[in-house]
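K.L.:
Shown next, in the form of structure tokens:
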């Protein structure tokens, strides 16, 4: 049995999943906070602003990631050269430049 938030009872004490549906598209969520975060895609709301440059984000985790631009934090280091990156995915993409240097190495593309 699946209940929606519009039902008379939320079903929480019966172990029933409550489904939160987006009113703009067909996406559904089992957590209200995930629906609220998703709805920002449609509304354009960006409540998380960088206090240094003013750039705003719809998600808090994206603001935290952005802050590294200002702090200079680069915790992800390439083990094949001296470059460092603020994001793990950027390091992973960078490793492709070394693919021909280390056969079957971390940057190799299979």
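Numbering (the UniProt record's numbering), first residue to last: 1 to 110.
C-beta atoms are modelled at their ideal positions from N, C-alpha and C, and glycine is treated no differently.
This one's a predicted model, so the numbers in the text were calculated from it and none came from an experiment.
1) Just the C-alpha distance for residue 35 and residue 76, rounded to the nearest angstrom, thanks.
2) May I ask you to list the residues that DSSP assigns as paired with residue 28?
3) Specify, as a first and last residue, the run of the alpha helix (DSSP H) that residue 65 falls within.
4) Between residue 22 and residue 39, is the Cβ-Cβ spacing less than 8 Å?
5) Do you know offhand how far residue 62's Cα is from residue 100's?
6) Residue 25: which of 92, 94 and 41 sits nearest, CA to CA?
7) So, using beta-carbon positions, are residue 98 and residue 85 closer together than 8 Å?
8) Mapping DSSP to helix, strand and coil, what is residue 49?
9) Taking only the alpha-carbon atoms, compute the straight-line gap between residue 73 and residue 28 and give it to the nearest angstrom.
10) Roughly how many angstroms lie between the CA atoms of residue 58 and residue 65, to the nearest whole one?
P.N.:
Checking against the coordinates, here is how it stands:
1) Start at 1 with the first residue of the chain shown, and residue 35 comes out as number 35. Start at 1 with the first residue of the chain shown, and residue 76 comes out as number 76. Straight-line Cα distance between these residues: approximately 32 Å.
2) The residue you call residue 28 lines up with position 28 of the chain shown. DSSP output for residue 28 lists 21 as bridge partner(s).
3) As a first step, residue 65 is located in the chain shown; it is residue number 65 there, counting from the start. Residue 65 -> alpha helix (DSSP H) spans 60-71.
4) Stepping through the chain shown from its first residue, residue 22 is reached at position 22. Stepping through the chain shown from its first residue, residue 39 is reached at position 39. Yes; because the gap between Cβ atoms is below 8 Å, this pair is in contact.
5) Translated into the one-based positions of the chain shown, residue 62 becomes position 62. Translated into the one-based positions of the chain shown, residue 100 becomes position 100. Going from the Cα of residue 62 to the Cα of residue 100 covers about 33 Å.
6) What you label residue 25 is simply residue 25 of the chain shown in a count that begins at 1. For residue 25, the nearest C-alpha among the options comes from 41.
7) Residue numbering aside, residue 98 sits at position 98 when the chain shown is read from its first letter. Residue numbering aside, residue 85 sits at position 85 when the chain shown is read from its first letter. Cβ distance not < 8 Å, so residue 98 and residue 85 don't count as in contact.
8) Residue numbering aside, residue 49 sits at position 49 when the chain shown is read from its first letter. Reduced to three states, the DSSP call for residue 49 is strand.
9) Start at 1 with the first residue of the chain shown, and residue 73 comes out as number 73. Start at 1 with the first residue of the chain shown, and residue 28 comes out as number 28. If I take the Cα positions, the gap works out to 36 Å.
10) Working through the chain shown from its first residue, we reach residue 58 at position 58. Working through the chain shown from its first residue, we reach residue 65 at position 65. For residue 58 and residue 65, the distance between alpha carbons rounds to 13 Å.
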